[in-house]
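Numbers 1 to 1095, taken from the UniProt record's numbering, label the letters of the sequence shown in order.
Beta carbons are placed, not taken as given, at the ideal position from N, Cα and C, and that holds for glycine.
Owing to the predicted nature of the structure, the values given are computational and were not obtained by experimental measurement.
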Amino acid sequence: MLIIFLSYFVTKVIHHNINSHQLAVVRIEEQARKLERADCNKIDKPSGVDTDKDVKRKSQTSDFKTSDIRDKIIQMNKAWEHLKLSVRNKQAALEEALSETFNFHGQLDQLIRRTRQLKSRMPPPGARIMGGLPDSAREQLRRFMEVYDELVKIGSELDELRRNSAALLVNQSAAESCNQLTTNLERFCDHYAQLLKHAQDIRDRMELGLKQVEELHDHLSQMMQWLTQMERTILQQKPVSRIVARLFQLIRDHTELRKEITGHRDALINLDRLASQIQCQSQKQDVILVKNLLSSIHTRWEQLVSRSAERTRQLNTGLKEASNFLDNWTSLTDWLKENLASLEEDGDRVATRPEKVAYQLALHRELQRALSTRTVAYDGVRRYARQLRDRAPVCDHDELDDMVSELKHLWQAVCTKALARQRTLEQALLAAGLYKEALEALLDWLSKIEPQLAEQQTGNYGDVDIVEQLLESHNRFKAELEQRATSVKLIHQAASDLMNKASSTTDSGAGSSASNQADVFAMQAQLNHLSKIWDRVQNLTQRRSERLDHALKMAQQFQDTCRSLMDYFAGAERVIHRLAALPTFDDDGELEIEIAGTNNPPTNLTDAITAHRQTHSNLMNQADRVEAALQLGNKLLSQAHPAAVKRLRQWVNTIRTRWEELTSWSEQRGDRLQEALEEQNKRKLQREELMQWIHVKTSELKSIPTSIPISSLSSSSTNLQSAKSKLDSNDSKSIDSKDLFSITQERIAISTITSLARQPNVVVNSNSSINSKDLKQPEVLTDFTTVLNEITDSKIIEQLLNLHSHLEEEVKQKQPIYENIIKHAKRRTPVKSSHNINNNNRRSRLPIRPSGNLFNRSINTANQQHNPSISIFTSPNINQLYLNWRELWIAMLTRKSQLNERLAYLNEVEKMKDFHFESWRQRYVSWLSTNKARVIDLFHRKDRDRDGRLTRAEFIDGIIEMKFQTSRVEMETVADIFDANGDGYIDYRECLNALRANYANLDRTSSSNTNGGSSLSLNRFGPSDEETINDELKRQVGLCTCHNTYKIKKMATNKYRFGDSQKLCLVRILRSAVMVRVGGGWVTLDEFLVKNDPC
């Protein structure tokens, strides 16, 4: 395209050259006509010397020359026209080629620009392009597909451009231009192909990612549903039974459940794998959500596994207990059934021969010994069944009760059959004539039972269950003893028969009388011995029955006492825990009336102490009951059965421990309440002392005795008089800035002396020295602000600041005491009244104003102080302390602020002694140029009444608000210089005149009365606004990289046309920036060009 441009421009140059030679061609034709006319004139006017022949010859020569010149002119004209036609054709061809080239490059540039825009919208390499959630992933894919579709559309336009530009590439005359066009097009095609390939890769990745995300979230939802179902299943599982058959079914069901839980472990691992793949490519916010979902699933999974393991442990424990009980119960019942069957089978079979009867009796004794040894197992099985029943669910109670009842029935049946068998065998012995054997068997049994009864007289006490078991066993023994009473009667009857028979034999025969008489005596002695043993056994049995009855009563009494005490301890513990927290607030103030019957803890210390005393008194009233219960428990322990010792000791230890804990808690709370009461009294004393201290310090802040050297406030009378004369005179002499500053200081001194002279205790003598009437008494300055404004020595201010810093240290030391008092003061609950509601409604219609500065807070505090109805705390003393403390702080802050401001003012005054207006003027002019500011902006902003002038305060505030580095003291002096006519106002002309160089050396009066315009212009401070705008527009246009340069054309003052738009835009400088008017607002030139300039 550059060659076409060059060719076009060369053609234009040739065209201009031809046009420039047009005049030469015309002149040549005119010269040729002149020559022709001159030759004709020569021929028409022959000389007198020439002959006709010479004339004719000259005529022919002239005709020949004329025809030759005419032919050359015609030839020249033809060549000239041909040249112009060739140049026009060439220019038309070049313009057409240039137009086609422009169209081609314009379309190519547009495609390149659109491609760049699409590339900028594509995610960069390595970026996380996927969303971790299905919705966000679909949204990301939708946005990218818009870019991808636009990119495909660019590809179709590129193909069309290549087809349309084929003729252009063929018609290019220059091979270099054709190669350049081809190279540019091929480069863009390669770039587009790479970009399209990259976009296809991104599309494939996003589609694959969307598929993975949807798969992940489907698995997540399925896993969460399954977890919910499993959690519900575990919660709804039946309780652990203590029946083996039911336990086996529960274990089978739980095994299936555990298999299902274990089978989902692979699904959880697959979830982790999918999540890790997605997290590497997902956005950060979605990664956090996915991590949270996975974390919750893992937590629920771990809880589910933990619950399953706990259920397994419970089932194993239940199975072990149930199996142990079932084995013991089965073995015992089988043995009882076997012996019961044997007893029923042998019940009617009694031998008649004495030897066999004795043998059967011996076998039965073995059975009785085995039965007695099984008594421990029987009691153990029953006790274990009772424990299982306590731990078993309700559905197992009936079956366990049935098993215990069956065991008890079998045991009683075996015992009954054994006793019946024993009585039958003993009767058979007697019937068989084996009196001695029967008597010996009965005596053996009685001699064995008697020591057992004697041993059982001491261990009869225990808890209710043990005593009931002992009583039941003793009742069985009493039944057996009643059955033995029949055997005793039979033996007595058999013995009486034998003795009667022996007596009759003795009467009939004398030989055997002595032996018979001896047998009778022996039998009588045996019967007497039997009767004695029998009576002792009966007495022991009776005493044991009485003791067991008494033990049962004591056990029931001990059990009832322990249960009632435990119930009371539980209630007392709840009360103590409810009253455990100490009241937060002190008792000083209005006590809120509590509703009777509420369980709320007391809100003040007095009520808390009263409630504690009542609670502690009620607790101590139970001491007798506790002591009686412990004594009864110890008494039962001293005579308890070995099986009941552990249970009784547990009850005694529990009662003693609980009582000691409750009494300890109650005593500790009493101690803490007493300490809190002492601290409260201490805070009251601290509050009174703090109130007195605040009153003293506040009075000191309001009127501080001071020894300020008043003589330092004034100057000599000569200087005062000269200063007054200078201020009063309106001479026309020039005054420099130092004289003006001294005049200002002297004016301050004059006002100081005048104000001090008005005080009754201050006298100004002729030597301008200020003395007090009585120097021994301290002067009390009632108005500190007035006195502070009269101090001109910075050392005095520094001394006052040091004193104020000591006061601040004292306040900081008192701050913890104040905070401790306020922390324990109860705040009043705000009550919304109709008046407040109306005020709130009225405030809601007003704009909200921020209230954060110290001045507003001090005003609010002052209003609270003057309004006695406003109280924050329930205690009036605390309210007064709060207000006084705030008043002290505000007074201190105000004092410190005044001292710092006065010190800063005096420092500025000290610096102003070396003030030079010319240096200030140069700084200000340089600042205006640097910040592209204008003096007229100051008048536009501060001149509210539009009279063209500013007051001194408006002028000073305006320059300070412009962020120019200056001070108010300095600006006071500058305002005096700017105010040329001294009328208290500064107009625009005075401001411009004052900013002129060497203005301070000019005559102020003449300059203020001159009507001519000032030569000072804002151009002296830098380029004008129009020049600045033009420079900025040229710079922005130079940054354009488009083939068709963006055009900006000025149409009128501050009005420009941008690009191809026919709309004019207003352009101006606003706050040192070039701004363009758009709609109803202003935007910067950079933002406007970014939105409108394609590049």
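A residue is called buried when at least 16 other Cβ atoms come within 10 angstroms of its Cβ; E970 meets this threshold and is buried. Nearest in C-alpha terms to V520, of all of S531, S496, L530 and E146, is S496. For M230, the secondary structure class from DSSP, reduced to helix, strand or coil, is helix.
Straight across, the Cα-Cα distance linking L35 with L23 is about 18 Å. Burial of T424 is indicated by the presence of at least 16 other C-beta atoms within 10 angstroms of its C-beta. By the Cβ criterion, the stretch 267-279 is in contact with the stretch 207-227, since at least three pairs of Cβ atoms, one from each stretch, lie closer than 8 Å. Beyond the five residues adjoining it in sequence on each side, S447 comes within less than 8 Å, by CB distance, of I533 in the same chain, given in chain order. Taking the Cα positions, M223 is about 30 Å away from F248. The beta carbon of L332 sits closer than 8 Å to the beta carbons of R374, A377, Y378, V381 and L407 from its chain, once the five residues preceding and following it are set aside; these are given in chain order. Straight through space, the alpha carbons of L94 and N103 are spaced by roughly 14 Å.
Annotation for N1092: F1058 and G1059 place their beta carbon closer than 7 Å to its own, counting only its chain and skipping 5 residues before and after. From the listed residues L141, Q314 and E961, the smallest Cα separation to F939 is found for E961. Within the model, the alpha-carbon separation for R187 versus E157 is close to 16 Å. Excluding residues up to 5 positions away in sequence, R374 lie with their Cβ nearer than 8 Å to the Cβ of W335 in the same chain. Short of 6 Å from the beta carbon of L637, and not among the five residues preceding or following it, lie these beta carbons of its own chain, in chain order: L648.
Shown here, F964 sits in coil according to DSSP, grouped into three states, outside any helix or strand. The C-alpha of F569 is placed about 19 Å away from the C-alpha of P601. Short of 7 Å from the beta carbon of Q225, and not among the five residues preceding or following it, lies no beta carbon of its own chain. The stretch 72-111 is shown to contain no whole alpha helix (DSSP H) run of 4 or more residues. Look at the beta carbons and you see the stretch 256-264 touching the stretch 300-310: at least three pairs across the two are nearer than 8 Å. Spanning the alpha carbons of L1089 and R300 requires a straight line of approximately 58 Å. The three-state reading of DSSP puts K119 in helix, counting H, G and I together.
Taking 8 Å as the cut-off, the beta carbon of H641 is found closer than this to the beta carbon of I466.
Spanning the alpha carbons of V626 and Q668 requires a straight line of approximately 20 Å. Judged by beta-carbon spacing, V290 lies within the 8 Å limit of S282, meaning their Cβ atoms are closer than that value.
Note that the stretch 558-576 touches the stretch 606-625; at least 3 beta-carbon pairs, one per stretch, sit closer than 8 Å. If you compare the alpha carbons of K436, V537, K417 and Y988 with that of A525, the shortest gap goes to K436. Contact check between the stretch 656-673 and the stretch 607-619: three or more CB pairs, one atom from each, fall below 8 Å, which counts as touching. The secondary-structure analysis by DSSP pairs V1067 across a beta bridge with V1076. Separation of the CB atoms of V1076 and V1067 is rounded to 6 Å, and the pair is thereby assigned contact status at 8 Å. By the Cβ neighbour-count rule, F873 is buried, with 16 or more other Cβ atoms within 10 Å of its own. Within the same chain, G462, D463 and I466 come within 6 Å of A644 by CB-CB distance, once the 5 residues on both sides are set aside. DSSP, reduced to helix, strand and coil, places L343 within a helical segment of the structure shown. Residue environment: A370 is assigned as exposed (fewer than 16 neighbouring CB atoms within 10 Å of its CB, all protein chains considered). Taking each of A975, E1087 and N653 in turn and checking the Cα distance to V1074, the smallest one comes out for E1087.
Take the alpha-carbon of L490 and the one of L340: they are about 26 Å apart.
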